[in-house]
Structure formats: structure tokens, C-alpha cells
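Colleague: When you read off a place in the sequence shown, starting at 1, and then add 238, the result is the number in the numbering used here. If you scroll down you'll find the structure; I have some questions about it.
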Amino acid sequence: MTTTTYTTVKEIPIIPATWGDLFKRLDWLNVICFGTPHLFTIWGFMTVSWQWETFVLFLVGLSVSSTGMKLSETFNAHCIILPLAFVVGYHRLWSHRTFVPTRSLEYSLAFVSTSAFQRTILWWARDHRAHHRHIDTDLDPCMANRGFWWRHLGWFLIKPAKVAPVDLTDLTSNPAVMWQVKWYWPMSLVTSFVVPMTIAGLGWGDWKGGLLYAGCLRINLVHNVCLIPSFPVIIIIMLIMLYAGNTIC
Ligand SMILES: [Zn+2]
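Right, dumping it as C-alpha cells:
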């Protein structure tokens, strides 16, 4: 009997969190990764004016981050914002194995995708494979039927009590994937924050804008668009961003 790769090998229902055990089940690493860029972006809106060079850097960074990330199969949200963005990396390559990359391309994607600040390939692919395998059932980690806030935030801010195990042996035996897992945090901090801050700082003296807009705001947009591929949410985020950036400063 042969086994099928990329499928759940054992199915265990996920038990939704309750208000009583919510605090214990918060995934604090994800809370920090998601919340901190938002707080820094608000600080940026209150203290830093946009410079056009920084805005261009923000858009270019958004495209580069998107290159390594998810995007929806049916609705390529990033392409609405920036047509240069396309689907590879975390979603097409490592979650779905839709093409065979060269060694240099795979390592490049593994490195570039750390700029999206969405944890490692293994972490992302695990939930995404479970999502496809059990879409819109109790075993789907981000099941839409649990409501807007669960679909948008709850599924990754709250640790599931039990999850459907997924076969990731193709990824754990992949040198490029495990290289990214080993060096993820130093690479991610550099590509997400240090690089945009340094480019803006050395290029046109906008160190703070580089960090808060080309770094943190870009990450917020990538997080929110990737976590819920919803056109109204994208529009709301863009309007809030433009309104706050043009009125507070
Ligand atoms: Zn998918």
C-alpha cells in the first residue's frame, strides 16, 4: 500500500478556544509578530511625513515580499495593488509544489520571503496544507465558518488545542527549506526592517520613514492581505493608510 504525500495522515478535530482559556492559548510569538508592526506604524503616522522616495521603496518592498508569499488561488490580491507581484514561494512552491525551481532560485526565494515576516516555510506550509485538505470543515485551521475575526486573526493568534497533522517530509528533507528555518529570525529582521531603513537612511536621509513605512507598514499590508484575501479589507486598509498619513503629520 502506498501513502500519498502532502495529505493529512491523521485527523483530529480542532477544539475552538473559549473565553475561559483564551489567555493561555494565545500564541505570543504570533501576537508580537503581528501586533508590533501595527504599533510602530501608528507611531509613524503620528510622527513622520511621507517622502516620495520612501513611498516608492514601500511599493517595491511590497512587491518583493509578495513574490515570496502566499496569495489566493482565485483572487490574486497583491496584483490589484502592484501588477509586478506574482505567485511563488510559500504558496505555490512549498505548499503546493507546482513547479521545480533551480537550486539558486529556491534559495533566493527562501531568503526574499523572510521579508514578509510571516514565520518560516514549515510553519506556513503546515497550516496551508491542512487548510486545503480540510477546507471549510472543523479541521481547517482558518475555517471561514467560525466568523470574520477567527478567519482574520484568531486562527493564528490562538494556538489550536489539537490540529490535523500534515505530512511535511518533503519540506523537512529539503536543504533550502531547512536552511531558511535555521536562519529565519536573523534573516527576517534584516530583510524586514534593517534593509528598508538603511536604504532610506543612506539614500535620502529618511531613516525613520524607512523603518516605519517601508518596513512596518509594508509588513502590515502583506500580513492583512495574505491573511484574508478580501478586496474590501484591502480598500479599507489603503484608505486608512492614506487618511492617517496625510492628516496626522
Ligand atoms: Zn493554496
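Quick reminder that beta carbons are idealized off the backbone N, C-alpha and C, glycines included.
1) Would the C-beta of Ser-351 count as close to ligand 1, meaning under 7 Å from any of its heavy atoms?
2) So does His-372 have its beta carbon nearer than 7 Å to some heavy atom of ligand 1?
3) Less than 8 Å separating the beta-carbons of Ala-414 and Tyr-328?
4) Just grab the DSSP bridge partners of Ile-270 for me.
5) Taking 8 Å as the cut-off, decide whether the C-beta atoms of Ala-438 and Trp-445 are in contact.
6) Note down, in chain order, each residue of its chain lying with its Cβ closer than 6 Å to the Cβ of Phe-394, except the 5 sequence neighbours on either side.
7) Note the first and the last residue of the continuous alpha helix (DSSP H) segment covering Trp-417.
8) Using a 10 Å radius around the Cβ and a threshold of 16 neighbouring Cβ atoms, would you call Asn-458 buried or exposed?
9) Need the endpoints of the alpha helix (DSSP H) that Met-381 sits in, please.
10) From Trp-290, Pro-398 and Phe-278, pick the residue whose C-alpha is nearest to that of Phe-261; which is it?
11) Met-435: which of Leu-264, Leu-295, Cys-271 and Thr-285 sits nearest, CA to CA?
12) Only counting the same chain, and skipping five residues up and downstream in sequence, which positions put a Cβ closer than 6 Å to that of Thr-241?
13) Using the rule of at least 16 other Cβ atoms within 10 Å of the residue's Cβ for burial, across every protein chain shown, is Ser-426 buried or exposed?
14) Determine the burial state of Ile-373: buried for a count of at least 16 other Cβ atoms within 10 Å of its Cβ, exposed for fewer.
15) Less than 6 Å between C-beta atoms, sequence neighbours within five positions excluded: which residues of the same chain meet that for Gly-299?
Modeller: So, to answer that:
1) no
2) no
3) no
4) None, per the DSSP bridge assignment.
5) yes
6) Asn-268
7) 413-427
8) buried
9) Unbroken run through Met-381: none, as it is neither H nor E.
10) Pro-398
11) Leu-295
12) Its pLDDT being 44, under 50, Thr-241 is placed unreliably in this model, and the coordinates cannot settle the point.
13) buried
14) exposed
15) Pro-434, Ala-452 and Arg-456
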